[in-house]
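J.:
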Amino acid sequence: MAQKDLHDMLRSLRVWAPGVTDLRPFDPDKAPPTPLHLFTTWFAEAVEAGQPEPHTMSLATADADGRPDARIVMMHGADADGWSFASHATSRKGQDLTARPYAALVFYWPVLGRQVRVRGTVTAAPSPESQADLHARSTGALAAALTGRQSEELASLEELREVSLAAWERARDNPAEPSPTWTLYRLRPEAVEFFQGDPERRHVRLEYRRTEFGWSRRLLWP
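Read in our numbering, the sequence shown has 1036 at position 145, and its numbers run on one by one without any break.
(1) Can you list, in chain order, the residues of its chain whose CB lies under 7 Å from that of P924, leaving out five sequence neighbours each side?
(2) With a threshold of 16 other CB atoms inside 10 Å of the CB of S978, please say whether the residue is buried or exposed.
(3) Report the rounded CA-to-CA distance for E1091 versus P1113, giving the unit in angstroms.
(4) Confirm, please, whether the CB-CB distance from L1075 to D1024 is below 7 Å.
(5) Would you mind listing the alpha helix (DSSP H) stretches within the region 1015 to 1102 that are 4+ residues and don't spill past its ends, in chain order?
(6) Classify Q1006 as helix, strand or coil using the three-state DSSP reduction.
(7) How would you write the range of the beta strand (DSSP E) that P959 sits in, first residue to last?
(8) Under 7 Å Cβ to Cβ from M965, same chain only, skipping five residues before and after it: list those, please.
(9) Can you give me the start and stop residues for the alpha helix (DSSP H) that D913 sits inside?
(10) By the 10 Å Cβ neighbour count, where 16 or more other Cβ atoms means buried, how is G910 classified, buried or exposed?
(11) Using a Cβ-based criterion (distance less than 6 Å to any ligand heavy atom), does R1101 qualify as near the ligand GTP?
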């Protein structure tokens, strides 16, 4: 089979196709005073619209030398304390957050032509809270955490299979087994931006910024 040309494929693609994406009107003057309230509403609408995996998000960090990195992670929650996610403290992202405890999140829900961007400081929850979060999840999540060694060099897929099988057995036998390096992180937002796509490219961008008096709001050019 002939290899397809990347540029030809890119030229053939479209975003927000009619019948696939519902670009809804967004009046920023009617937005709530806090970003969490609007985020919760938009998240519920993404779920109701059938957006696959709406709880996944891009997490961007920087290492001790300021070199950026990004990956997709799962949101574990969002409340007055911030947006939460989890990983091993020894992983690449964990090491980045130890060196520079600041990060950015991006949610993209193309079924509605929406993005949400969150930036702020990150703190690690106490170990008992991190372990409680882990044990509230599936056996597979615990097995993956017990496998550990995230971001380390892997000698072979066979080694991964053997270690993973052993971790699955431990997770089934002891659902409360701790994973010492597993850490729940919370990002306390300093800025939260809501982006609503528009068919005429007059996209609406509303940014909330934390101040000493609460939250301020402003519009941004698309």
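Beta carbons are placed, not taken as given, at the ideal position from N, Cα and C, and that holds for glycine.
T.: The short version:
(1) Against the sequence shown, residue 924 aligns to sequence position 33. Its chain contains W1106 as the residues whose beta carbon lies nearer than 7 Å to that of P924, once the 5 sequence neighbours on both sides are disregarded; these appear in chain order.
(2) By one-based count along the sequence shown, residue 978 stands at place 87. Buried is the call here.
(3) The residue labelled residue 1091 in the question sits at position 200 within the sequence shown. The residue labelled residue 1113 in the question sits at position 222 within the sequence shown. Separation of E1091 and P1113 (C-alpha to C-alpha, rounded to the nearest whole angstrom) is 12 Å.
(4) In the sequence shown, the residue the question calls residue 1024 occupies position 133. In the sequence shown, the residue the question calls residue 1075 occupies position 184. Taking 7 Å as the Cβ cut-off, D1024 and L1075 qualify as a contacting pair.
(5) Complete alpha helix (DSSP H) runs here, min 4: 1018 to 1026, 1030 to 1038 and 1048 to 1064.
(6) As a working note, residue 1006 is residue 115 in the sequence shown. Reduced to three states, the DSSP call for Q1006 is strand.
(7) If you number the sequence shown from 1, residue 959 lands on position 68. Unbroken beta strand (DSSP E) run through P959: P959 to M965.
(8) For the purposes of this step, residue 965 is taken as residue 74 along the sequence shown, with counting starting at 1. Within its own chain, the residues whose Cβ lies closer than 7 Å to the Cβ of M965, once the five positions on either side in sequence are excluded, are H946, T947 and F976, listed in chain order.
(9) Taking the first residue of the sequence shown as 1, we reach residue 913 at position 22. In the DSSP assignment, D913 falls outside any alpha helix (DSSP H), carrying neither H nor E.
(10) For the purposes of this step, residue 910 is taken as the residue at position 19 of the sequence shown. Burial call: exposed.
(11) The model on display carries no ligand, and the ligand GTP is accordingly not part of it.
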